[in-house]
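I have placed the structure first, in the form of structure tokens, so that the comments after it can refer back to it.
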DNA sequence: GAGCTTGTTGTGCAAGTGTATAAATAGCCT
DNA sequence: AGGCTATTTATACACTTGCACAACAAGCTC
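Protein chains in written order, with my numbering: chain W, 6 to 230; chain G, 6 to 230.
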């Protein structure tokens, strides 16, 4: 069958149809596609073409929104950190709850979905692994870590105050460091081997360990009284 | 000065001098060079040429010892895990020491150099970040993790037995999970921001937190009695 | 020391990388 | 409806990557 019926002579180079999106939307889509690619294939597998494919655009467009790949990765990492710390802190804004309840809720929130998540962990590990060599990544992490620890320290202070205990700054700092470690450690265990734990088990362990660290008497004993 | 005195006519293609090394030596050198490259430049920067340069050989030689880059990376990761778990367990083989002392020594060993080390952490994070996508990495981690946790569980059982306490299997497991988290969390804090802590501070916090988790009475109170 | 084995080098190559840039077209403004 | 602009596509390019292979020489054996 001859192609004489084709209105375009030769095989017309049919160009890809596309839609114009707002700048903010495109940037967010590209960042999300970047995180997806990094989570799935690692930093080495996250090529501009892979990212663009996932975002539903062609590779050239990335350069229109980001000066280069480096900047895209940095913005993606910043977006990830923002999301993580924001979710973590969100559990703290409970009105009309005792400090102890708020602390427990904070621990619980950090040891369940969506914070316990294999994809997020993969991203965190991939990026943090470069923190030793990349000062900008190291600084971003440092700020996020200290912010998190300060939140913990503030709640701890409230909890102890409610118990009529007045720790000095050094003790408070040690409590925050320890509790931060407990949450981080359980978070990793949950992300890497979530199916090894029954639902809520990690949170229960976390609360118990944190309260033991603070020297709080177990709730059963309180209620028995 | 004319080069007529040069015994070689033209610029003779002077080939690189080399020495033949034993197979085991070369393999270990290449694995070490791989770990160095990954720690410094990440997985993406660890190219065959970079690795070979660091090992003092040319890139082609790698293919003589490893089927491909994939296998080299896997063996490097296995070597890293071996070293880490071996060092960690080494602290447990103390003769004539009470279970409680052995547990404290274990915690201390895991929260000081050489286990607290930015390079090792960078490597761990880089590799573990790929565990979600690479089943072989995931399995290697799982085995190392469970081995570590079982060690912890064994020591905890001894400590509690010495205290005349007989926890059931579930309680023992929870203790091991929590203590493992404490050590991991503090390890990360120390690796990522070692200079924020005074020497021995992390170990002190670790011991205190672990003993609180187990419900051991602080040593000061024991001695006062 | 001659000869042989094989560890080691050097070069080549196809595929893929980030970046640069020209061509096209979607969608707003008048 | 028609033109303008900037978003988007598509192609080109220099460079790097992992891998293949032929040439070479280090060091053992006799």
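We treat Cβ as the ideally placed atom computed from N, Cα and C, and that holds for glycine. Since we're looking at a predicted model, the values are computed, not measured.
Alpha carbon of residue i to alpha carbon of residue j, nearest angstrom
i: residue 5 (chain W); j: residue 165 (chain W); result: Here chain W has residues from 6 to 230 only, and residue 5 (chain W) is not among them.
i: residue 82 (chain W); j: residue 172 (chain W); result: 36 Å
i: residue 222 (chain W); j: residue 217 (chain G); result: 12 Å
i: residue 209 (chain W); j: residue 178 (chain G); result: 13 Å
i: residue 160 (chain G); j: residue 77 (chain W); result: 47 Å
i: residue 67 (chain G); j: residue 169 (chain G); result: 57 Å
i: residue 187 (chain W); j: residue 194 (chain G); result: 11 Å
i: residue 6 (chain G); j: residue 19 (chain G); result: Confidence in residue 6 (chain G) is poor, its pLDDT being 43 and thus under 50, which makes the residue's placement unreliable; the coordinate value appears in the next sentence. Their backbone Cα atoms lie some 21 Å apart in a straight line.
i: residue 13 (chain G); j: residue 63 (chain G); result: Bear in mind that a pLDDT of 39 at residue 13 (chain G), under 50, signals an unreliable position, so the number given afterwards is only what the model happens to contain. Taking the straight line joining both Cα atoms gives about 25 Å.
i: residue 55 (chain W); j: residue 42 (chain G); result: 25 Å
i: residue 127 (chain W); j: residue 31 (chain G); result: 32 Å
i: residue 153 (chain W); j: residue 182 (chain W); result: 10 Å
i: residue 50 (chain W); j: residue 119 (chain W); result: 25 Å
i: residue 192 (chain W); j: residue 33 (chain W); result: 27 Å
i: residue 57 (chain W); j: residue 74 (chain W); result: 12 Å
i: residue 138 (chain W); j: residue 123 (chain G); result: 10 Å
i: residue 60 (chain W); j: residue 28 (chain W); result: 14 Å
i: residue 47 (chain G); j: residue 220 (chain W); result: 42 Å
i: residue 40 (chain W); j: residue 135 (chain G); result: 14 Å
i: residue 190 (chain W); j: residue 163 (chain W); result: 24 Å
i: residue 125 (chain W); j: residue 202 (chain G); result: 28 Å
i: residue 65 (chain G); j: residue 86 (chain G); result: 27 Å
i: residue 117 (chain G); j: residue 205 (chain G); result: 7 Å
i: residue 229 (chain G); j: residue 88 (chain W); result: Only weak support exists for where residue 229 (chain G) lies, its pLDDT of 49 falling under 50; the value from the coordinates is given anyway. Roughly 49 Å separates the two Cα atoms.
i: residue 21 (chain W); j: residue 180 (chain G); result: 59 Å
i: residue 113 (chain W); j: residue 211 (chain W); result: 8 Å
DSSP state of residue i mapped onto helix, strand, coil
i: residue 202 (chain W); result: coil
i: residue 93 (chain W); result: helix
i: residue 219 (chain W); result: coil
i: residue 171 (chain G); result: coil
i: residue 103 (chain W); result: coil
i: residue 43 (chain G); result: helix
i: residue 26 (chain G); result: coil
i: residue 51 (chain W); result: coil
i: residue 20 (chain W); result: coil
i: residue 135 (chain G); result: coil
i: residue 157 (chain G); result: helix
i: residue 62 (chain G); result: coil
i: residue 211 (chain G); result: helix
i: residue 112 (chain W); result: helix
i: residue 98 (chain W); result: coil
i: residue 73 (chain G); result: coil
is_contact[residue i, chain G] using C-beta, thresh 7 Å
i: residue 217 (chain W); result: yes
i: residue 189 (chain W); result: yes
i: residue 134 (chain W); result: yes
i: residue 106 (chain W); result: no
i: residue 6 (chain W); result: Note that residue 6 (chain W) scores 42 on pLDDT, short of 50, meaning its location in the model is unreliable and no value can be drawn from it.
i: residue 179 (chain W); result: yes
i: residue 212 (chain W); result: no
i: residue 127 (chain W); result: yes
i: residue 121 (chain W); result: no
i: residue 67 (chain W); result: no
i: residue 182 (chain W); result: yes
Residue-level contact to chain W via CB, residue i, 7 Å cutoff
i: residue 24 (chain G); result: no
i: residue 31 (chain G); result: no
i: residue 130 (chain G); result: yes
i: residue 19 (chain G); result: no
i: residue 42 (chain G); result: no
i: residue 171 (chain G); result: no
i: residue 5 (chain G); result: Within the shown structure, residues of chain G are numbered from 6 to 230, placing residue 5 (chain G) beyond reach of any answer.
i: residue 48 (chain G); result: yes
i: residue 193 (chain G); result: yes
i: residue 186 (chain G); result: yes
i: residue 229 (chain G); result: With a pLDDT of only 49 at residue 229 (chain G), under the threshold of 50, the placement of this residue in the model should not be trusted; the figure read from the coordinates follows. It does not; no Cβ of chain W falls within 7 Å.
Delimiting residues of the alpha helix (DSSP H) encompassing residue i
i: residue 175 (chain W); result: 174-197
i: residue 67 (chain W); result: 67-70
i: residue 121 (chain G); result: Unbroken run through residue 121 (chain G): none, as it is neither H nor E.
Proximity test, residue i beta-carbon vs the ligand MG heavy atom, cut-off 6 Å
i: residue 159 (chain W); result: Looking for the ligand MG in the displayed structure turns up nothing, as the structure carries no ligands at all.
When the Cβ atoms of the region 123-136 of chain G are set against those of the region 122-136 of chain W, are three or more pairs found closer than 8 Å? Segments in contact, yes.
Could you tell me whether the region 84-103 of chain G touches the region 91-104 of chain W, using the rule of 3 or more Cβ pairs below 8 Å? When C-beta atoms of the region 84-103 of chain G are compared with those of the region 91-104 of chain W, fewer than three pairs fall below 8 Å, so the two segments do not count as touching.
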